[in-house]
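What follows is a short report on a single structure.
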Amino acid sequence: MKFFVDTADVKEIRELNDLGLLDGVTTNPSLILKSGGNIAEVTREICGIVEGPVSAEVVATEYKEMMREADVLSKIADNICIKVPLTLDGLKACKSIRSTGRLVNVTLCFSANQALLAAKADATFISPFVGRIDDTGSDGMELIAEIKQIYDNYSFPTEILTASIRTVNHVKQAALIGAHVITAPPATLRALVKHPLTDKGLEAFLADWAKTGQKIG
Ligand code: E4P
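For reference, each letter of the sequence shown is one residue, going 9 to 225 in the working numbering.
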């Protein structure tokens with residue numbers, strides 16, 4: 009399973025990358041706004057930190073303009089993955105961009121049929137937003153399971169990128185279902201390591217070690 013971080017915060021990305029935890033990055037217009045930076049500059053900096061795909065989103069809603077924006081974004085770095093919305097124009101752009109060998113992440117997926125269309129459009133990644141589905145009272149993870157079954161049924165190569173992750177439990181469930189990728193905020197990725205028994209156990213080991221009066225090396 010690949011771990012992407014869902015942020016445009018360069019400092020956070022650098023720290024997580026140094027831990028060896030990152031396979032890629034996802035950004036979106038809201039995250040660029042939050043970063044306070046210019047999209048080209050911030051994205052270029054991120055692409056220089058992480059080797060894997062860095063998703064940068066088009067903001068046009070019509071095919072032609074999406075393609076123009078995709079060209080601009082693609083020139084930022086070789087590891088750019090163009091993010092397009094799950095609309096008919098977005099799917100058409102996905103197919104065209106993919107035919108040039110570039111990576112595409114189809115975003116804002118909320119149904120299995122939408123994911124099926126993205127696979128037909130040869131998307132590299134499909135991004136179902138589990139947290140936003142949970143917010144409506146439905147179960148976002150059910151959608152991940154449905155998409156996994158459909159993609160397996162037809163051996164679609166499109167990777168399921170579980171997005172809008174809010175909890176560590178989302179990560180575990182995505183892994184149990186067999187989603188290829190998760191993208192999570194930095195705090196959620198860091199929280200994966202936490203367990204009270206690990207802290208308690210370490211504390212006891214260190215206390216006993218201090219009593220030995222020894223040093224290693
Ligand atoms: C994914 O690519 C999106 O940027 C992201 O996961 C959306 O998450 P949110 O619902 O927390 O905004």
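By construction, the Cβ of each residue, glycine as well, lies at the ideal position given by its N, Cα and C atoms.
Note that the structure is a prediction, hence the values are computed from the model and not measured.
Is the Cβ-Cβ distance between residue i and residue j less than 8 angstroms?
{"i": "residue 64", "j": "residue 51", "result": "yes"}
{"i": "residue 6", "j": "residue 104", "result": "No answer is possible for residue 6: it lies beyond the span of the chain, which begins at 9 and ends at 225."}
{"i": "residue 53", "j": "residue 18", "result": "yes"}
{"i": "residue 198", "j": "residue 172", "result": "no"}
{"i": "residue 134", "j": "residue 182", "result": "no"}
{"i": "residue 55", "j": "residue 90", "result": "no"}
{"i": "residue 114", "j": "residue 94", "result": "yes"}
{"i": "residue 26", "j": "residue 12", "result": "no"}
{"i": "residue 194", "j": "residue 59", "result": "no"}
{"i": "residue 189", "j": "residue 167", "result": "yes"}
Counting C-beta neighbours from all protein chains within 10 Å, is the total for residue i 16 or more, i.e. buried, or is it exposed?
{"i": "residue 224", "result": "exposed"}
{"i": "residue 145", "result": "exposed"}
{"i": "residue 107", "result": "exposed"}
{"i": "residue 43", "result": "buried"}
{"i": "residue 184", "result": "exposed"}
{"i": "residue 203", "result": "exposed"}
{"i": "residue 36", "result": "buried"}
{"i": "residue 218", "result": "exposed"}
{"i": "residue 213", "result": "exposed"}
{"i": "residue 15", "result": "buried"}
{"i": "residue 221", "result": "exposed"}
{"i": "residue 98", "result": "buried"}
{"i": "residue 191", "result": "buried"}
In three-state DSSP terms, what is residue i?
{"i": "residue 116", "result": "strand"}
{"i": "residue 185", "result": "helix"}
{"i": "residue 91", "result": "strand"}
{"i": "residue 1", "result": "Outside the shown range of the chain, which is 9 to 225, sits residue 1, and nothing can be said about it."}
{"i": "residue 135", "result": "strand"}
{"i": "residue 152", "result": "helix"}
{"i": "residue 65", "result": "strand"}
{"i": "residue 221", "result": "coil"}
Just to check my reading of the structure: residue i and residue j have Cβ atoms closer than 8 angstroms, yes? What is that Cβ distance to the nearest angstrom?
{"i": "residue 129", "j": "residue 102", "result": "4 angstroms"}
{"i": "residue 170", "j": "residue 138", "result": "6 angstroms"}
Is the beta carbon of residue i within less than 7 angstroms of some heavy atom of the ligand NAP?
{"i": "residue 172", "result": "Looking at this structure, you won't find the ligand NAP anywhere; what it does contain is the ligand E4P."}
Handout entry: the stretch 140-159 / the stretch 115-123 touching (three or more Cβ pairs under 8 angstroms)
Key = yes
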